[in-house]
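**Q**
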Amino acid sequence: MILAGIEPRAEFVHWWFATGFLVLGLALYAEVVVGPEVWARRPWRRYLWPGMCFLMGVLMWPVMAFYTNSMIHMVAHGSWAQVLMLAGAAELGLVRGKLHSPYWRLLTAAGLAVSGTALLVHEQNGWFFERAAFLHHTLGWLVIGAASFPLLQAFRPRSIVAASGFATTFVVMAVLLYCDRDLAPVFGHLSTFAGVPHR
Amino acid sequence: MSADYAHGLQAPRAEETTRQTARVRAVLAIGPLTVAAGIAWAVVQPWRLTLLHPHGQGVWWLIAEPQLYVVAVGLLFRFVVARGLVEDLERDEE
Numbered sequence: 122m123i124l125a126g127i128e129p130r131a132e133f134v135h136w137w138f139a140t141g142f143l144v145l146g147l148a149l150y151a152e153v154v155v156g157p158e159v160w161a162r163r164p165w166r167r168y169l170w171p172g173m174c175f176l177m178g179v180l181m182w183p184v185m186a187f188y189t190n191s192m193i194h195m196v197a198h199g200s201w202a203q204v205l206m207l208a209g210a211a212e213l214g215l216v217r218g219k220l221h222s223p224y225w226r227l228l229t230a231a232g233l234a235v236s237g238t239a240l241l242v243h244e245q246n247g248w249f250f251e252r253a254a255f256l257h258h259t260l261g262w263l264v265i266g267a268a269s270f271p272l273l274q275a276f277r278p279r280s281i282v283a284a285s286g287f288a289t290t291f292v293v294m295a296v297l298l299y300c301d302r303d304l305a306p307v308f309g310h311l312s313t314f315a316g317v318p319h320r
Numbered sequence: 305m306s307a308d309y310a311h312g313l314q315a316p317r318a319e320e321t322t323r324q325t326a327r328v329r330a331v332l333a334i335g336p337l338t339v340a341a342g343i344a345w346a347v348v349q350p351w352r353l354t355l356l357h358p359h360g361q362g363v364w365w366l367i368a369e370p371q372l373y374v375v376a377v378g379l380l381f382r383f384v385v386a387r388g389l390v391e392d393l394e395r396d397e398e
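For the protein sequence lines, the chains are A and B, in the order given. By my numbering, the letter at position 155 of the first sequence is numbered 276, and the numbering carries on one by one without gaps. By my numbering, the letter at position 33 of the second sequence is numbered 337, and the numbering carries on one by one without gaps.
(1) List, in chain order, every chain A residue whose beta-carbon is nearer than 9 Å to that of ILE334(B).
(2) What's the call for TRP170(A), buried or exposed, on a 16-neighbour Cβ count within 10 Å?
(3) Give me the Cα-Cα distance between VAL390(B) and VAL348(B), rounded to the nearest whole angstrom.
(4) By the criterion of Cβ-Cβ separation under 8 Å, what are the contact partners of SER136(A) in chain B?
(5) Rounding to the nearest angstrom, what Cα-Cα distance links ALA210(A) and MET181(A) in this structure?
(6) Consider the Cβ of ARG302(A): report whether some Cβ of chain B lies at a distance smaller than 7 Å.
(7) Can you name the start and end residues of the alpha helix (DSSP H) that ARG162(A) belongs to?
(8) Which runs of the alpha helix (DSSP H) spanning at least 4 residues fall entirely within the stretch 272 to 304 of chain A, listed in chain order?
(9) For the alpha helix (DSSP H) that ILE367(B) lies in, which residues bound it at each end?
(10) Could you say which of LEU145(A), SER222(A), ALA288(A) lies nearest to TYR168(A) if we only look at CA atoms?
(11) Per the DSSP calculation, VAL154(A) is bridged to which residue(s)?
(12) What are the start and end residues of the alpha helix (DSSP H) that includes HIS258(A)?
(13) Quick check on PHE187(A) - is its C-beta less than 7 Å from some C-beta in chain B?
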């Protein structure tokens with residue numbers, strides 16, 4: 122509460138995560154276009170996706186600490202941080218050559234499934250309560266559905282459909298997160314209990 | 305070597321080059337398209353760009369400029385990622 126005056130609004134944090142997701146989405150698209158062999162020719166490119174995934178997991182901890190409105194928020198953000206770090210670590214292990222089985226990519230699928238569930242669970246309001254609620258529901262189901270892409274990649278690592286779908290997921294997530302406002306109507310709907318839209 | 309056979313040998317290479325050129329073009333297009341999307345968003349919703357009306361705004365509102373973030377990502381991709389990627393693609397073509 123002491124930090125309430127200086128900590129950024131939740132929408133700003135969403136926009137920063139959106140920017141990270143956009144970088145990832147574009148990089149993953151480029152990897153689909155050029156193929157994994159050309160993409161892996163420079164080491165830093167190989168580490169981009171796993172490193173960003175791990176970093177986003179790390180950055181979820183301050184989100185958990187500073188944006189804990191309720192117990193369910195804390196559990197959702199905390200579990201989200203853990204699975205993102207776990208998925209990122211597994212991908213880093215694969216890139217580094219410490220891990221070999223493609224089934225380690227199942228952790229990315231699990232990471233997305235848990236992330237989607239966390240999004241849905243910590244949104245206590247209905248779809249049309251306000252824009253943030255709508256986006257949490259949309260993002261939650263999107264991310265749960267997107268878990269099918271790394272699941273497919275675990276069994277068919279060279280699948281173009283899975284790789285394209287995975288890249289598209291991050292770009293769509295970025296667009297949805299950029300749409301977020303702390304308090305704004307969605308498709309003309311705004312609950313009278315939501316408060317006054319600020320912008 | 306017959307002319308037909310030689311032509312048959314060259315055809316896939318030309319096809320491959322065309323496809324790889326398309327790949328280069330696609331990689332080079334990603335950044336500018338992203339920049340264009342950010343600019344289009346700023347034009348459609350200028351009130352979201354706090355820098356255009358900075359008076360009385362707090363520091364977070366001045367830092368949080370989502371349209372500029374999109375433009376920055378496009379530029380970053382074009383000059384940091386795409387440049388090296390195209391070099392590697394062209395080396396792959398040779």
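We put the beta carbon where it would ideally sit given N, CA and C, even for glycine.
**A** In terms of the structure at hand:
(1) Taking the first residue of the second sequence as position 1, residue 334(B) is located at position 30. Within chain A, the residues near ILE334(B) are LEU147, TYR150, ALA151, VAL154.
(2) Against the first sequence, residue 170(A) aligns to sequence position 49. TRP170(A) should be labelled buried.
(3) For the purposes of this step, residue 390(B) is taken as residue 86 along the second sequence, with counting starting at 1. For the purposes of this step, residue 348(B) is taken as residue 44 along the second sequence, with counting starting at 1. So the two alpha carbons sit approximately 33 Å from each other.
(4) Here residue 136(A) refers to the residue found at position 15 when the first sequence is read from its first residue. In the sequence on display, residue 136(A) carries Trp and not Ser. Within 8 Å Cβ-Cβ: ALA368, PRO370, TYR373.
(5) Your numbering for residue 210(A) matches position 89 in the first sequence. Your numbering for residue 181(A) matches position 60 in the first sequence. Going by the C-alpha atoms only, they are around 15 Å apart.
(6) For the purposes of this step, residue 302(A) is taken as the residue at position 181 of the first sequence. So no, ARG302(A) is outside the interface.
(7) On the first sequence, residue 162(A) is found 41 positions in, with the first residue counted as 1. Run containing ARG162(A): none; DSSP gives neither H nor E here.
(8) 281 to 299
(9) On the second sequence, residue 367(B) is found 63 positions in, with the first residue counted as 1. From DSSP, the alpha helix (DSSP H) with ILE367(B) extends over 363 to 367.
(10) Counting from one through the first sequence, the residue named residue 168(A) turns up at place 47. The closest CA to that of TYR168(A), considering only LEU145(A), SER222(A), ALA288(A), is found on LEU145(A).
(11) To locate residue 154(A), count along the first sequence from 1; it is residue 33. Note: VAL154(A) sits in no beta bridge, so no partner.
(12) The residue you call residue 258(A) lines up with position 137 of the first sequence. Looking at the DSSP string, the run of the alpha helix (DSSP H) that includes HIS258(A) is 252 to 267.
(13) Here the question's residue 187(A) lines up with position 66 in the first sequence. Chain B, which has no Cβ nearer than 7 Å to the Cβ of PHE187(A), makes this no.
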